[in-house]
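What follows is a single structure, written as structure tokens, with notes after it.
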Ligand SMILES: [Zn+2]
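Numbering (this note's numbering), first residue to last: 516 to 1135.
What follows is the structure, given as structure tokens:
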């Protein structure tokens, strides 16, 4: 094609059907054929009116292949600089090797434009593909430095719900990516992701801020169009509202325990829709959105559509997938809905919906309302005091926790102590008196803090020095280990083995399984009735403490449909949670008899075998 001839008018889906290839799961390629429901999303890439495409993807949607067709178009038909972002470096590398390069290799045109991949050769590396009008850069969302100096016209952001919540000083990663493309008058940003949970899902937020549309299918019996849905059994189902009107839906229904009876029901004529109608129905697909529609393979925009607002597609997941029969879906739902974890995964990946945490979620305001007056510093049920200390740059924060039978707990004290933790003398002069303090118990006697846990993660050497000087008391330093499967505190045997192994080293902090620790604290906070596990909170505690205590949340995220769990910070400060973890871990390691009477427990505090063991080994 001569450089002077403009490229023939072709939509992205027409281009894909003419030249595109699909890379299968086994790495083979075959000719691409656009399925009707995918067409609107592909064609959205070359609409001058659309600058933003947001898609909630379920499995079996083919989002990866859609991105590859768009890439093909923006390399060979309408050459543009492309930025592709994956959650992590490893994902970007996999994506490059398993999708991008095979797509280039499969196409004669693409492989004539992008240099051959050679060892050490420039022009085609894992993260950089050059072509006239290019290049294409592949980047990881967790190293935002990588795309800071690269401007592009097209950005393709995959699995955005797995991106870090913040890119430090730069704000969030998506905003940073937008700043890289918005200098182009005809920029396109495509964001796709498997959704996660309601309060943290970035893709759900992007879609909510867009002009959202749904695919409609025509009934094979009466011809009326409707949206296919899946109504989650036992939950109130939200109506689908477009342009102020509730839209007709055909839900999947089946008899309990008999998934083979599953079918869709037309809301107009009541006719049953089964697998044999599927192909014809998919061909009838068109989209209707809030301010746009895509009918007969053409977009139409209504007044009120603003490009910046973007276009969003809600894909109903398995229920519009050609490869899944109604019986398959019903069967999988019946299996997955049995456990909360797999039910959550099914809602995210199979239905492409955000997960709404059922009622028991721990919210800081609910905890705040639970504050109660304490009759004394230490209420009657508590028989043992532990302290947890978090070290910050200009202060210490600590909590004193009273423990009773069944690990019922009372937050006895919380203080922020100003000082300079980098100065050894400050630890001794400022902090030591708090450790040696006593608290008035409801029975009238003053009781000491039996055991203290300090975070070793920051200024570890200072912590070691302080623990050594406090040697006659039970002060333990804890080093957090992040991975799942590490117990909250070590068993006596594991601890002994580790200490033997570390005999020669000067610093031997205790191991705290951070994942288990957070999980345990949150589970305890979720206990609603006073008794075993319940956390009592005094009525003078201020609101920020509650926010810090519930600052982190365990969320299931996905990378290419593979689920993994990650702790997400809902707000920037979490010192109160860290203090509680330390106080809890110190108590667990000391393992006092919480069923003992107060007098026994206090005398045990200095005499118990557990305490001698701890003092004699690690901390001298
Ligand atoms: Zn009908």
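Virtual Cβ for every residue (Gly too), placed ideally from N, Cα, C.
By a C-beta neighbour count over all protein chains shown, 10 Å radius and 16 as the cutoff for buried, is residue 1139 buried or exposed?
-> What is shown of the chain runs 516 to 1135, which leaves residue 1139 out entirely.
Since residue 680 and residue 582 are thought to touch, with beta carbons under 8 Å apart, how far apart are those beta carbons, to the nearest angstrom?
-> For the purposes of this step, residue 680 is identified with residue 165 of the chain shown, where counting begins at 1. For the purposes of this step, residue 582 is identified with residue 67 of the chain shown, where counting begins at 1. Not quite, the Cβ-Cβ distance comes to about 23 Å (not below 8 Å), so this is no contact.
Spatial neighbours of residue 594 within its chain, please: CB distance less than 7 Å, with the 5 preceding and 5 following residues excluded, ordered by chain position.
-> Against the chain shown, residue 594 aligns to sequence position 79. Here the set comprises 646, 647, 648 and 649.
Is any heavy atom in ligand 1 found nearer than 6 Å to the beta carbon of residue 783?
-> Locating residue 783 in the chain shown gives position 268, counting from the first residue. The closest heavy atom of ligand 1 lies less than 6 Å from the beta carbon of residue 783.
Would you mind sorting residue 1010 into buried or exposed? The rule is 16 or more other CB atoms within 10 Å of its CB.
-> The residue you call residue 1010 lines up with position 495 of the chain shown. For residue 1010, the number of other beta carbons within 10 angstroms of its own is at least 16, and it is reported as buried.
Excluding the 5 residues preceding and the 5 following residue 875 in the sequence, name in chain order all residues of the same chain whose CB lies nearer than 6 Å to its CB.
-> In the chain shown, counting from the first residue as 1, residue 875 sits at position 360. The pLDDT assigned to residue 875 is 48, lower than 50, so where the model puts this residue is not dependable; a value taken from the coordinates is nonetheless given after this. Its chain contains 1041 as the residues whose beta carbon lies nearer than 6 Å to that of residue 875, once the 5 sequence neighbours on both sides are disregarded; these appear in chain order.
Would you identify the three-state DSSP class for residue 662, choosing helix, strand or coil?
-> Counted from its first residue, the chain shown places residue 662 at position 147. If DSSP states are grouped into helix, strand and coil, residue 662 belongs with the helices.
Would DSSP call residue 970 helix, strand or coil?
-> Mapped onto the chain shown, residue 970 falls at position 455. Of the three classes helix, strand and coil, the one that applies to residue 970 here is strand, per DSSP.
Check whether the region 599–616 touches the region 852–870, counting contact only when three or more Cβ pairs, one atom from each stretch, lie closer than 8 Å.
-> Output reads no: the region 852–870 does not touch the region 599–616.
For residue 815, which three-state DSSP category applies?
-> The count along the chain shown starts at 1 and reaches residue 815 at position 300. Looking at residue 815 - three-state DSSP - the assignment turns out to be strand.
One or two residues paired with residue 740 in a DSSP bridge = Taking the first residue of the chain shown as position 1, residue 740 is located at position 225. DSSP, once it has assigned bridges, lists 733 as partnering residue 740.
Does the beta carbon of residue 778 fall short of 6 Å from some heavy atom of ligand 1?
-> On the chain shown, position 263 is the one that residue 778 refers to. No, the Cβ of residue 778 stays beyond 6 Å of every heavy atom of ligand 1.
Cβ-heavy atom distance between residue 728 and ligand 1 below 6 Å?
-> Taking the chain shown and counting its residues from 1, the one referred to as residue 728 is at position 213. Checking every heavy atom of ligand 1 against the Cβ of residue 728, none is found closer than 6 Å.
Contact set for residue 1100: own chain, Cβ-Cβ below 6 Å, skip 5 residues either direction | Locating residue 1100 in the chain shown gives position 585, counting from the first residue. Excluding sequence neighbours, residue 1100 sits near 968, 993, 1004 and 1027.
At a cut-off of 6 Å, is residue 649 close to ligand 1 when judged by its beta-carbon and the heavy atoms of the ligand?
-> Within the chain shown, numbered from 1, the residue matching residue 649 stands at position 134. No, since every heavy atom of ligand 1 falls outside the 6 Å radius drawn around the Cβ of residue 649.
Using three-state DSSP, classify residue 612 as helix, strand or coil.
-> Counting from one through the chain shown, the residue named residue 612 turns up at place 97. In this structure, residue 612 counts as helix in the three-state DSSP scheme.
For residue 857, which residues of its own chain have a beta-carbon under 8 Å away from its beta-carbon, when the five flanking residues on both sides are left out?
-> In the chain shown, counting from the first residue as 1, residue 857 sits at position 342. If we look at residue 857 and ignore the five residues flanking it on each side, its Cβ neighbours are 850 and 851.
Just mark residue 654 as buried or exposed, buried being the case when its beta carbon has 16 or more other beta carbons within 10 Å.
-> Start at 1 with the first residue of the chain shown, and residue 654 comes out as number 139. Under the 10 Å beta carbon count, residue 654 is surrounded by 16 or more other beta carbons and is classified as buried.
Quick one, are the C-beta atoms of residue 911 and residue 932 less than 7 Å apart?
-> Reading the chain shown from its first residue, position 396 is the one you call residue 911. Reading the chain shown from its first residue, position 417 is the one you call residue 932. In this structure, residue 932 lies closer than 7 Å to residue 911 by Cβ.
For residue 938, which of 913, 899, 887 and 978 has the nearest alpha-carbon?
-> Stepping through the chain shown from its first residue, residue 938 is reached at position 423. Looking at the Cα atoms, 978 is the closest of the given residues.
Can you pull the DSSP bridge partners for residue 1073?
-> Here the question's residue 1073 lines up with position 558 in the chain shown. 1078.
Have a look at residue 1045 and residue 716 and give me their C-alpha separation to the nearest angstrom.
-> By one-based count along the chain shown, residue 1045 stands at place 530. By one-based count along the chain shown, residue 716 stands at place 201. Going by the C-alpha atoms only, they are around 34 Å apart.
With a cut-off of 8 Å, do at least 3 Cβ pairs link the region 978–987 to the region 941–951?
-> Yes, the region 978–987 is in contact with the region 941–951.
Would you say the beta carbon of residue 739 comes nearer than 6 Å to a heavy atom of ligand 3?
-> Here the bound small molecules are ligand 1; ligand 3 is not part of this structure.
N- and C-terminal bounds of the alpha helix (DSSP H) containing residue 845 | Taking the first residue of the chain shown as 1, we reach residue 845 at position 330. Start and end: 841–851.
DSSP bridge partner residues for residue 1068 (one or two, in chain order) | Taking the first residue of the chain shown as 1, we reach residue 1068 at position 553. Beta-bridge analysis with DSSP links residue 1068 to 1083.
To which residues of the same chain is residue 1135 closer than 6 Å at the C-beta, ignoring the five residues directly before and after it?
-> The residue given as residue 1135 occupies position 620 in the chain shown. Low confidence applies here, because residue 1135 scores a pLDDT of 27, under 50, leaving its location unreliable; read the following figure in that light. By the criterion of a C-beta distance shorter than 6 Å, residue 1135 is surrounded in its chain by 986, once the five residues flanking it on both sides are discounted.
Determine the contact status of residue 1062 and residue 1033, defining contact as a CB-CB distance below 7 Å.
-> As a position in the chain shown, residue 1062 is number 547, starting the count at 1. As a position in the chain shown, residue 1033 is number 518, starting the count at 1. Contact flag unset, no.
Under the three-state reduction of DSSP, which class applies to residue 802: helix, strand or coil?
-> Counted from its first residue, the chain shown places residue 802 at position 287. Strand.
Taking the alpha helix (DSSP H) that residue 1105 falls in, what are its first and last residues?
-> Here residue 1105 refers to the residue found at position 590 when the chain shown is read from its first residue. Run containing residue 1105: 1090–1105, per the alpha helix (DSSP H) assignment.
Identity of the residue in 752, 806, 915 and 736 nearest residue 759 by Cα = Your numbering for residue 759 matches position 244 in the chain shown. Nearest to residue 759 by C-alpha distance, out of 752, 806, 915 and 736, is 806.
Could you tell me whether any non-hydrogen atom of ligand 1 is closer than 6 Å to the CB of residue 736?
-> By one-based count along the chain shown, residue 736 stands at place 221. Proximity of the beta carbon of residue 736 to ligand 1 is indicated: a heavy atom of the ligand is located closer than 6 Å.
At what residues does the beta strand (DSSP E) containing residue 779 begin and finish?
-> Taking the first residue of the chain shown as position 1, residue 779 is located at position 264. For residue 779, the enclosing beta strand (DSSP E) has its first and last residue at 773–780.
Looking at the structure shown, is residue 534 part of a helix, part of a strand, or coil, going by DSSP?
-> Taking the chain shown and counting its residues from 1, one reaches residue 534 at position 19. In the structure shown, residue 534 sits in a helix (DSSP, three-state: H, G or I).
If you drop the 5 nearest sequence neighbours on each side, which residues of the same chain put their C-beta closer than 7 Å to that of residue 769?
-> As a position in the chain shown, residue 769 is number 254, starting the count at 1. If we look at residue 769 and ignore the five residues flanking it on each side, its Cβ neighbours are 776, 777 and 845.
What's the call for residue 751, buried or exposed, on a 16-neighbour Cβ count within 10 Å?
-> Looking up residue 751 in the chain shown gives position 236. By the 10 Å Cβ count, residue 751 comes out exposed.
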